[in-house]
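Visitor:
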Amino acid sequence: MMDEGDFRVGDVLSVACPFTVTRVEQGVTWDHVAVRWPWWEIGGDNEFAHWNGIVALGVGGSGHVAPEVEAELFRTDPPPEQLKAGDVCRVGVPPTVVHVTAVDHHHDPPLETAWLPHPNQTVTVLRRGLSYREFPDGSHLDGSGYTIHPGNGIPFTFELLMRPYASLQVGDEVADIIGRAWRFDGPWDWTAFDGEPAGAGPAWPLVLLTRAGKPCSVEDAESAAASTASGSHQETVRDWMGLTEASPTP
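So the number in this note's numbering is just where the residue sits in the sequence shown, counting from 1, plus 404.
1) When you compare the segment 635-643 with the segment 594-612, are there three or more beta-carbon pairs, one atom per stretch, that lie closer than 8 angstroms?
2) Run the CB neighbour count on Arg-412, radius 10 Å, all protein chains shown included, and call it buried at 16 or more, exposed below.
3) Could you compute how far the alpha carbon of Phe-423 sits from the alpha carbon of Arg-531?
4) In chain order, what residues of the same chain lie with their CB nearer than 7 angstroms to the CB of Asp-444, ignoring the 5 residues before and after it?
5) Rounding to the nearest angstrom, what Cα-Cα distance links Pro-513 and Pro-523 in this structure?
6) Residue ranges of each alpha helix (DSSP H) run of no fewer than 4 residues wholly in the segment 579-643, ordered along the chain?
7) Using the three-state DSSP reduction, which class does Thr-433 fall into: helix, strand or coil?
8) Name the one or two DSSP bridge partners that Val-497 has.
9) Can you look up Leu-461 in the DSSP assignment and give me helix, strand or coil?
10) Return yes when the Cβ of Gly-457 is within less than 8 angstroms of the Cβ of Ile-446, no when it is not.
11) Which residues in the same chain have their Cβ closer than 6 angstroms to the Cβ of Tyr-569, if we skip the five residues on either side of it in sequence?
12) Can you give the Cα-Cα distance for Met-645 and Pro-652, rounded to whole angstroms?
13) Excluding sequence positions up to five away, which residues of its chain have a Cβ less than 8 angstroms from the Cβ of Gly-496?
14) Starting from the C-beta of Gly-533, find all residues in its chain whose C-beta is less than 7 angstroms away, skip the five residues before and the five after it, and write them out in chain order.
15) For Asp-624, which residues of its own chain have a beta-carbon under 7 angstroms away from its beta-carbon, when the five flanking residues on both sides are left out?
16) Strictly by DSSP, which residues pair up with Trp-519?
17) Identify, in the order they occur along the chain, each residue of the same chain with its Cβ nearer than 7 angstroms to the Cβ of Gln-573, setting aside the five sequence neighbours on each side.
18) Using a Cβ-Cβ cutoff of less than 6 angstroms, which residues in the same chain neighbour Val-501 once the five nearest sequence positions on both sides are dropped?
19) One question on the structure: do Val-428 and Leu-487 come within less than 8 angstroms of each other, judged by their Cβ atoms?
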């Protein structure tokens with residue numbers, strides 16, 4: 405399992421949350437089921453918002469499916485079509501493959517929300533089969549995805565399935581096998597210092613040149629070289645797409 409706080413854009417995760425008993429509130433509409441949220445407390449110190457203890461979960465229905473429904477991770481047991489206001493049910497997240505599209509590593513002070521505990525981290529994910537889209541279409545989200553706040557009282561568990569370029573850190577400068585120098589700003593965000601288009605990306609193996617603006621250590625250089633000794637950037641992209649059934653976030 406992953407440590408909370410250890411998230412990177414491009415990570416492929418299996419996320420889950422144990423199913424917990426709760427109650428249906430306000431009935432079920434064509435695209436939402438409202439339940440009493442079992443993990444948060446109502447916060448009384450927010451002068452701009454008030455929360456009534458209820459969360460509306462997106463559910464699929466006939467016809468058009470709203471983007472927030474596509475992104476939803478939580479499920480009810482029994483499913484929403486078998487529920488009505490007042491029913492007892494369980495809510496949780498079955499093991500679900502997602503990929504991380506954005507990470508806000510730390511909120512200091514924590515975010516001011518109408519519930520407790522206040523979040524101190526934000527991670528945004530998309531479920532397998534969904535890709536970021538610059539322009540919306542009929543089946544994919546236009547945006548980064550579903551927001552998770554690890555450590556805010558919901559007992560999420562995270563299993564790391566793949567971390568592209570795990571041996572590199574944002575800001576690293578590397579040289580590839582054909583002599584091009586690059587800056588690494590994420591697995592799908594490479595800048596070539598020669599000013600030419602990135603094309604197919606860096607050619608493996610890679611030599612780590614600098615980290616945090618300074619010459620890298622021997623250990624870091626050896627790690628980067630070993631991790632790119634076989635395979636290719638394009639193979640990494642294909643492996644990632646195979647796990648996520650999605651396109652890399654630009």
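The beta-carbon is built from N, C-alpha and C at its ideal position, and this holds for glycine as well. Quantities reported herein were computed from a predicted structural model and do not represent experimental measurements.
Guide: On the basis of the data shown:
1) Under the 8 angstroms Cβ criterion, the segment 635-643 counts as touching the segment 594-612, having at least three qualifying pairs.
2) Arg-412 should be labelled buried.
3) 19 angstroms
4) According to the sequence provided, residue 444 is Trp. The question's Asp does not apply to it. Contacts found: Trp-519, Leu-520 and Gly-557.
5) 9 angstroms
6) 622-631
7) coil
8) Cys-421
9) strand
10) yes
11) Pro-591
12) 7 angstroms
13) Ala-420, Cys-421, Pro-422, Phe-423, Thr-424, Phe-478, Arg-479 and Asp-481
14) If we look at Gly-533 and ignore the five residues flanking it on each side, its Cβ neighbours are Glu-649 and Ala-650.
15) Leu-612 and Arg-615
16) Ile-446
17) Arg-615
18) Ser-418 and Arg-532
19) Closer than 8 angstroms, so yes.
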